[in-house]
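K.L.:
Got a structure here, written out as structure tokens. Questions coming.
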Amino acid sequence: MSVFEQWGFIALVMILAASGVGCSTDSPSAEEAPPVRVENSDQPPPTPRTPEALDETVKTMMVEGQKAFQRGNYERALALLDSAQAAAPRAPVVFFNRGRVYTALNRVEAAKEQFRTAIELDPGYPEARRRLGDIEYQQGESRRALQLYRDEAKIDPGAQLFVNIGMIYADQGKVDSARAAYERAVALDSTDASAHMMYGQFLEEIGELETALQHSQTALSINPDRPNYQFAVGSQLFQLGRLEEAAPHLKQAADGRLLHYPAQYNMGQVLMRLGRDQEAERYLARADSSRQLMDQITNAQRVASQNPGAVEHWIKLGDLFRQAGERNRAVQAFNRAASLAPTNLTVQNRLGEMMLAEGNTQQAIQRFQNIVQADETLADAWINLGLAHAVAGNCEAARRAWNTALTHRPGDATAKKYLAGLCQYNAQ
Amino acid sequence: MHGAAWWGVLFIALSVTGCAQPTSSDAPSSGNDSASSGYFTSVTEEAGLAAFRHTHGGFGDKWFPEIMGSGGGFVDYNNDGWLDVMLVGGGSLPSRRQQDTPALSLYRNDGDGSFTNVTGEVGLGTVRAYGFGSIAADYDNDGDQDLFVTTLRENLLFRNEGGVFEEVSQEAGIADVEQWSASAVFFDANRDGHLDLYVTNYVEWSPEQVLECINRGVRDYCNPRSYNGVADTYYENNGDGTFTNRTEAAGVLRGVEIDASKGLGVIALDYNEDDWPDLYVTNDGVPNLLFENNGDGTFRERALRSGVALDQRGTPRAGMGLDVGVVDSTGQPSLFVGNFSQESVSVWRHQREGLFMDRVTVSGLRFPTMKTLTFGLVLFDVDLDTDLDLLLANGNVIEQIAWLQDGVTFRQPTQLFLNRGDGTFDEAQDRLGPLADSLLARGLAYGDVDRDGDLDVLLTENNGPAHLWYNNLKERHFVRVHLQGTESNRDGIGTRLRATVDGLTMERRVRAGSSYLSQSEKTVTFGLGRTRPVSRLEVAWPSGRVEQFEQVAPNQDLLLVEGTGELVPADTRQPLAGR
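Chains as they are written, first to last, in the numbering used here: chain H, 1237 to 1664; chain W, 87 to 665.
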């Protein structure tokens, strides 16, 4: 696997919206572009070249680049990759990872160019064809994608690759070929939960619900913590009329993730059929709220990816993720904003709030202090600083911060509430 | 877009610059279908219908209404026992130069396989409107079929006076709403013997509100999300040839977000078997609606709790044409709804107490309908083997869809799914006949045009021709029942018929309006599979009267006049020679 494996939160959320499954963060994003050459599948598998040896400096750059990428700081990731390329101009890994950064930035043409260069430098470089295939697939070029996947299979025939091949065959209406590809995927790695899950989804689509359920249950037994897997099992049991069995699975998925409106909806429907109308109504109402929030997130993602240099769109996206309880994705979006505008105090304030929410109290205090030093009139930052101090048990510092907030925004209800509540409590 | 709802692809398209090529199926249809097939033969040309063209009035700016119409259907307007064809013409968009296109064209079935355009002579030739749907029923119970046409503005009602139509929209009280209307149904909501009217309204649109949407650098139709929805309209028949708008009083606005109501399809059903007709309404991109009749002609909305508002994942779909019928041995009705490509059709079967179960997966229809955008949708027994089959009229709304959705084309073939008898379906493979032709289909209706006992098909295309397909069935065993209400409405709309053959019970209902913008025949057809009598026929009229018959001989067209207790031959004339 590549060093940059945590990317693609946009794609993940879109998959969740579209399928309710979201099996792989590597699934291609829905917003990308055009053609590439078709490679000949009749050729023998490419021979891997001995990779250009990377010195320690370059390796360090790569690791730092990965970290920057994981934080959503794509500009820094690209800068580090540029530096790595200067030191090792023919290292395919640099081009490959730059392709992934460009993919995340929705610069798909540039991404494809990078993947192609990685392949030219090392025809046996693993994953490059798969990434290229993902983009082609997303662009509706399924035949090209299929060819790329087949070529990749000669180099690195992993289960996920055959899952992708199965998806394409299914899209093309070739049920038998799709089934064979999925069978190959689960045979290659019977412990690959995602392969079982996707096979189950395919079988469900073609109406083989009982077998679909078996694969979904296998996936769930391998990875029992995934709300999406719980949902898949629950919804298939529901479709089979096994309501009592479906309910606990759907409940786990519905309660485990605020945004999981498909699970909440199905839970509502199951409860309705079990005669538990009031509970059912609550789940159906939750599903409606979650779906609306999901729609807002999807829209915000689209806007942000179409305007990747606009800080405010990433902030809005982060706010929506936070509202949805998707903290990691919120942090990624805020980091993306911070990488675009490191001195934007609104962004810094959001990141401080996230640190506080995650329990990194001292880091949050430091962050809020930096903000009020940069602009001592920011009442929100003072309020947050007070909150962080309060969490740290320093009531006096909290009181000072909130009082300062009130000097800049007299009458602020939040500051007054905190001030009254916490210090009263401490006084007692 | 919600999930995969249809117009959303336009938004995605803004960032997609892929280079997939449209397939050959995107070539426009000439109206000259492939001549023959296993299931149907196109007779459009021979029938004299080839000259008809729906005109959408487009001039390059992609005004939204252009792509949505239109419909048509079967009606015996002159009571000669032969089904005539009505076709909605489209025409000129408001504020544009007016073309000379009748709002509704009528083609008389001459009984010899040909049709004659009688639009002018029956009084329809001078009526101009940008039309969408048409339905037919005897709303004034005077023994002939009246016509209702939905349009972009005021709808039109044509009263039949001895085979000539008089436009009575204003005096009848149905021209009070100036909205873009789509499908409509006549049904007797309060069971007073007079047909009421439910009209779906789509979105707020006017030439002054035209939005400009760009898709792959080219102007294209806008997403309906860009427009506010509008409330549907419900009219109660006063019994004197006029109607009263009782939309609010009947409760069809209660619990419905008006701007989120974008109706395209509607059907009357009685899912809870309380003998009061309910309504199911399909909306585009917002939840569908299920109006349960309170037993007095007022309604309450129950779709979400019943499980028929949203898809399996709790997402609204782009609902369009629809039908309902008993497709298996449970005796429970199943709802079938056409949706956008990548959504598949929807199938729900009533379980109990107003709750439905999603059946699209187990019915086998999910996978084969993922690539098609279904407008017209009808359930009828194509092969007369006793069970209801499914026919889908398909065609996309985005000209560049081939670039946006892999394997999806603008023009699409019609799909026939044959029922195995248990509510699971197999797609009929028919590469030679008209089923293989790619159309931009919208309306779809069935009826026994040639009076040979099997059911033929009418399809309409957007900005294109209509198609008449004869059913090719060689061995036909059937019983067809024509109804004439006396205490109930004259057409017997809402009547439930159950026929039992060798222990198997079939159920059919008489309807005016279903599918998309279309009218199928109101005569009920029971396929018998092989020659055998109907051991028991039960007819339950809306009035509450139930009439039962034993040992009804096969291969007959029968007429039942309510209350007579007697089935008589409907007509003595012979079917078309050679058919």
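Note that beta-carbon positions come from the ideal geometry of N, C-alpha and C, so glycine has one too.
1. Which ranges would you report for the beta strand (DSSP E) in the stretch 442–467 of chain W if only whole runs of at least 3 residues count?
2. Under 8 Å, CB to CB, which of the residues in the stretch 1461–1476 of chain H have a partner in chain W?
3. Thinking H:V1399 and H:Y1373 are a contact (beta carbons under 8 Å), I'd like their distance in whole angstroms, please.
4. Between H:G1622 and H:V1567, what straight-line distance do the alpha-carbon atoms span, to the nearest angstrom?
5. Buried or exposed for H:V1299, please, with buried defined as at least 16 other CB atoms from any protein chain shown within 10 angstroms of its CB.
6. Can you tell me where the alpha helix (DSSP H) holding H:E1515 begins and where it ends?
7. From H:Q1475, H:A1431, H:E1441 and H:G1443, pick the residue whose C-alpha is nearest to that of H:L1456; which is it?
8. Specify, as a first and last residue, the run of the beta strand (DSSP E) that W:Y668 falls within.
9. With H, G and I counted as helix, E and B as strand and the rest as coil, what does DSSP make of W:M154?
10. Could you tell me whether any Cβ in chain H is nearer than 8 Å to the Cβ of W:W489?
11. Going by the beta-carbon positions, is the gap between W:F496 and W:L504 smaller than 8 Å?
12. Counting Cβ pairs closer than 8 Å, one from the stretch 459–467 of chain W and one from the stretch 435–451 of chain W, do we hit at least three?
13. Please go through the same chain and pick out, in chain order, the residues whose beta-carbon is closer than 7 Å to the beta-carbon of W:D588, but skip the five residues on each side of it.
14. Just to confirm my understanding: we take H:I1601, look at its own chain, exclude 5 residues before and 5 after, and list those with CB closer than 6 Å. What are they?
15. What is the rounded straight-line gap between the Cα of W:G249 and the Cα of W:H568?
16. Using a Cβ-Cβ cut-off of less than 8 Å, list which residues of the stretch 501–523 of chain W approach chain H; keep chain order.
17. Candidates W:S181, W:V161 and W:P373: which alpha carbon is nearest W:F201's?
18. Count Cβ pairs between the stretch 608–624 of chain W and the stretch 304–323 of chain W that sit closer than 8 Å; are there 3 or more?
19. What's the C-alpha gap between W:L653 and W:R277?
20. Helix, strand or coil for W:G89 per DSSP?
21. Using a Cβ-Cβ cut-off of 7 Å (strictly less than) and excluding sequence neighbours within five positions of W:D657, which residues of its own chain qualify?
22. Since I believe W:L459 is in contact with W:L559 (beta carbons under 8 Å), could you give me their beta-carbon distance rounded to a whole number of angstroms?
23. Determine, using beta-carbon pairs with one atom in the stretch 264–283 of chain W and one in the stretch 588–602 of chain W, whether at least three such pairs fall under 8 Å.
24. Please classify W:A335: is it buried, with 16 or more other beta-carbons within 10 angstroms of its beta-carbon, or exposed?
25. Would you kindly work out how many angstroms separate the C-alpha atoms of W:G303 and W:A527, rounded to a whole number?
26. So what does W:W555 bridge to, in DSSP terms?
27. In the stretch 263–325 of chain W, which residue ranges form an unbroken beta strand (DSSP E) of at least 3 residues, counting only runs that do not cross its ends?
28. Could you check what DSSP says for W:G167 in three-state terms: helix, strand or coil?
29. Just the Cα atoms here: how many angstroms apart are W:A389 and W:L376?
30. Taking a contact to mean a Cβ-Cβ separation below 8 Å, would you say W:D370 touches W:G405 in this structure?
31. Kindly list, in the order they appear in chain W, the residues whose Cβ is closer than 7 Å to that of H:I1442.
32. Suppose you measure from the CA of W:F218 to the CA of H:G1376; what does that come to, to the nearest Å?
33. Would you give the residue range spanned by the beta strand (DSSP E) that W:R388 belongs to?
34. Along chain W, which residues have their Cβ under 9 Å away from the Cβ of H:D1407?
35. Determine, for W:D166, whether the minimum Cβ-Cβ distance to residues of chain H falls below 8 Å.
36. Tell me the DSSP secondary structure of W:Q498 in three-state form.
P.N.:
Judging by the given coordinates:
1. 460–466
2. S1471 and Q1475
3. Here residue 1399 of chain H corresponds to residue number 163 of the first sequence, with the count starting at 1. Here residue 1373 of chain H corresponds to residue number 137 of the first sequence, with the count starting at 1. Not confirmed; about 12 Å, so no contact.
4. If you number the first sequence from 1, residue 1622 of chain H lands on position 386. If you number the first sequence from 1, residue 1567 of chain H lands on position 331. Each residue's Cα considered, the two are about 22 Å apart.
5. Locating residue 1299 of chain H in the first sequence gives position 63, counting from the first residue. By the 10 Å Cβ count, H:V1299 comes out exposed.
6. What you label residue 1515 of chain H is simply residue 279 of the first sequence in a count that begins at 1. First-last of the alpha helix (DSSP H) with H:E1515: D1513 to Q1542.
7. Translated into positions along the first sequence, residue 1456 of chain H becomes position 220. When only C-alpha atoms are compared, the closest one is H:A1431.
8. The shown model of chain W, from 87 to 665, leaves out residue 668 of chain W, and the question about it has no answer.
9. Start at 1 with the first residue of the second sequence, and residue 154 of chain W comes out as number 68. Three-state DSSP puts W:M154 in coil, outside helix and strand.
10. Numbered from its first residue, the second sequence carries residue 489 of chain W at position 403. So yes, W:W489 belongs to the interface.
11. Numbered from its first residue, the second sequence carries residue 496 of chain W at position 410. Numbered from its first residue, the second sequence carries residue 504 of chain W at position 418. No, they are not a contact pair.
12. Here the stretch 459–467 of chain W does not lie against the stretch 435–451 of chain W, with fewer than 3 beta-carbon pairs under 8 Å apart.
13. Position 502 of the second sequence, counting from 1, holds the residue named residue 588 of chain W. Correct list, in chain order: R618.
14. Position 365 of the first sequence holds residue 1601 of chain H. Taken in chain order, the residues that qualify are A1624.
15. Taking the second sequence and counting its residues from 1, one reaches residue 249 of chain W at position 163. Taking the second sequence and counting its residues from 1, one reaches residue 568 of chain W at position 482. Approximately 20 Å, taken between the alpha carbons.
16. T510
17. Indexing the second sequence from 1 puts residue 201 of chain W at position 115. Here the closest residue by C-alpha is W:V161.
18. no
19. Sequence index remark: in the second sequence, residue 653 of chain W carries index 567 (1-based). Sequence index remark: in the second sequence, residue 277 of chain W carries index 191 (1-based). Going from the Cα of W:L653 to the Cα of W:R277 covers about 24 Å.
20. Translated into positions along the second sequence, residue 89 of chain W becomes position 3. For W:G89, the predicted model reports a pLDDT of 31, less than 50, meaning its position is unreliable and no value from the coordinates is stated.
21. Residue mapping note: residue 657 of chain W aligns to position 571 of the second sequence, counting from 1. Correct list, in chain order: G167 and D643.
22. Along the second sequence, read from residue 1 onward, the residue named residue 559 of chain W stands at position 473. Along the second sequence, read from residue 1 onward, the residue named residue 459 of chain W stands at position 373. Actually they do not touch by this definition, with Cβ atoms about 28 Å apart.
23. yes
24. Locating residue 335 of chain W in the second sequence gives position 249, counting from the first residue. Residue burial is scored here from C-beta neighbours: W:A335 has fewer than 16 other C-beta atoms within 10 angstroms and is therefore classed as exposed.
25. Translated into the one-based positions of the second sequence, residue 303 of chain W becomes position 217. Translated into the one-based positions of the second sequence, residue 527 of chain W becomes position 441. The alpha-carbon of W:G303 is positioned some 26 Å away from that of W:A527.
26. Translated into positions along the second sequence, residue 555 of chain W becomes position 469. DSSP lists W:S128 and W:V543 as partners of W:W555.
27. 267–273, 282–287, 299–301, 304–306 and 319–323
28. As a working note, residue 167 of chain W is residue 81 in the second sequence. Of the three classes helix, strand and coil, the one that applies to W:G167 here is coil, per DSSP.
29. The sequence position of residue 389 of chain W within the second sequence is 303, counting from 1. The sequence position of residue 376 of chain W within the second sequence is 290, counting from 1. Whole-angstrom Cα-Cα distance: 5 Å.
30. For the purposes of this step, residue 370 of chain W is taken as the residue at position 284 of the second sequence. For the purposes of this step, residue 405 of chain W is taken as the residue at position 319 of the second sequence. Their beta carbons are under 8 Å apart, which means W:D370 touches W:G405 by this criterion.
31. The sequence position of residue 1442 of chain H within the first sequence is 206, counting from 1. Below the 7 Å Cβ cutoff, chain W contributes F453 as neighbours of H:I1442, in chain order.
32. Here residue 218 of chain W refers to the residue found at position 132 when the second sequence is read from its first residue. Here residue 1376 of chain H refers to the residue found at position 140 when the first sequence is read from its first residue. So the alpha carbons of these two residues sit roughly 33 Å apart.
33. Translated into positions along the second sequence, residue 388 of chain W becomes position 302. Annotation for W:R388: no beta strand (DSSP E) segment contains it, and DSSP assigns it neither H nor E.
34. Within the first sequence, the letter at position 171 stands for residue 1407 of chain H. Result: M456, K457, D492 and G493.
35. Mapped onto the second sequence, residue 166 of chain W falls at position 80. Not one chain H Cβ lies under 8 Å of W:D166.
36. If you number the second sequence from 1, residue 498 of chain W lands on position 412. In the structure shown, W:Q498 sits in a strand (DSSP, three-state: E or B).
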